[in-house]
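Here the numbering used here is used: the first residue of the sequence shown is 4, the next is one more, and so on.
From the three backbone atoms N, C-alpha and C, an ideal C-beta is built for every residue, glycine too.
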Amino acid sequence: MPIYEYICLKCNEKFSVLQNIFSSHRDTKCPQCASHEVKKALSSFSCASGSGNSSSSSIPSTGYKGGG
4 MPIYEYICLK
14 CNEKFSVLQN
24 IFSSHRDTKC
34 PQCASHEVKK
44 ALSSFSCASG
54 SGNSSSSSIP
64 STGYKGGG
């Protein structure tokens, strides 16, 4: 199950939830105020760079010959 980040629209609490992929924001409540008025936040893991030259990439940029 993936971890989703949410922001509570009532108290502005930011929190993470281990949640089924088919769950929605309506199934989620804020741990601070128990409100169901939450919005999914964009986490850093879900962002991608368009340059392809990221220093945090796990794919080697040179010297990779492939398998086999």
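According to the Cβ coordinates, are residue i and residue j closer than 7 Å?
i	j	result
C74	K13	Shown here, the chain extends from 4 to 71; a query on residue 74 therefore has no answer.
Would you please state the rounded distance, in angstroms, between the beta carbons of residue i and residue j? I believe it to be under 8 Å.
i	j	result
K42	Y9	7 Å
S38	C11	6 Å
Q22	P34	Between P34 and Q22 the Cβ distance is about 13 Å, and since that is not below 8 Å, they are no contact.
Can you list, in chain order, the residues of its chain whose CB lies under 8 Å from that of residue i, leaving out five sequence neighbours each side?
i	result
S158	An answer regarding residue 158 cannot be provided, because it is not within the stretch 4 to 71 covered by the chain.
R29	H39
- [ ] Can you check the segment 11-45 for any beta strand (DSSP E) of at least 3 residues that lies completely inside it and give the ranges in chain order?
- [x] 17-21, 41-43
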